[in-house]
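Quick note on UniProt numbering: the sequence shown kicks off at 1 and runs consecutively.
For glycine and all other residues, C-beta sits at the position ideal for the given N, C-alpha and C.
Bear in mind that the values here come from a model prediction, so they are computed numbers and not experimental data.
Some notes on the structure that comes next.
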Amino acid sequence: MYNLLLFIVIFLLGELLFNFTWFRYLKKKFMDKNETSNKDSKRVLRMNLSVFKGVLERFIMAIGLILVIPTILVVFGAIKLGTRFMESKEENAQKIENDYFLVGNFSSIAISILYFYVFAFLTK
């Protein structure tokens, strides 16, 4: 029970930190100026969904690493690539730049690995 609570605390603190700093910076750096200034309800809903998907991805990867299932990283990569190919065919009008996609994915993987190592360090 202690390990579960410890992981949840590490994860929640990390997500608060990274979502309000690193990922916000990446969005401002890579997104089109017109797109970031557009605050319509569809854009806000899409951003909330993107944040949720990112949090869920990092959670699943971190749990996979803690449970000693390192192939979760390969599965994550395959799912992301497949999703990216499908989105690029369906939504050409609102396409996210490839650099933003790549840096965001590498960041998610690195953050999940960081959660794993912080958890492993604190449970020894």
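- Pairing I111 with W22, the inter-Cα distance amounts to about 10 Å.
- Annotation for N3: T123 place their beta carbon closer than 7 Å to its own, counting only its chain and skipping 5 residues before and after.
- Judged by DSSP secondary structure, K124 falls outside any alpha helix (DSSP H); it is assigned neither H nor E.
- Residues of the same chain with a CB within less than 6 Å of the CB of F76, apart from the 5 flanking positions on each side, are M61 in chain order.
- Take F18, set aside five residues on each side of it, and the residues of its chain with a beta-carbon closer than 6 Å to its own are I111, in chain order.
- L6: member of the alpha helix (DSSP H) spanning 2-20, first to last residue.
- Linking G104 to G82 through their CA atoms gives a straight-line distance of about 16 Å.
- About 5 Å separates the beta carbon of F119 from that of F7, a gap short enough to meet the 8 Å contact definition.
- The DSSP-derived three-state label of I79 is helix.
- By the criterion of a C-beta distance shorter than 6 Å, I72 is surrounded in its chain by M61, G64, once the five residues flanking it on both sides are discounted.
- Less than 9 Å separates the beta-carbon of Y115 from that of R58.
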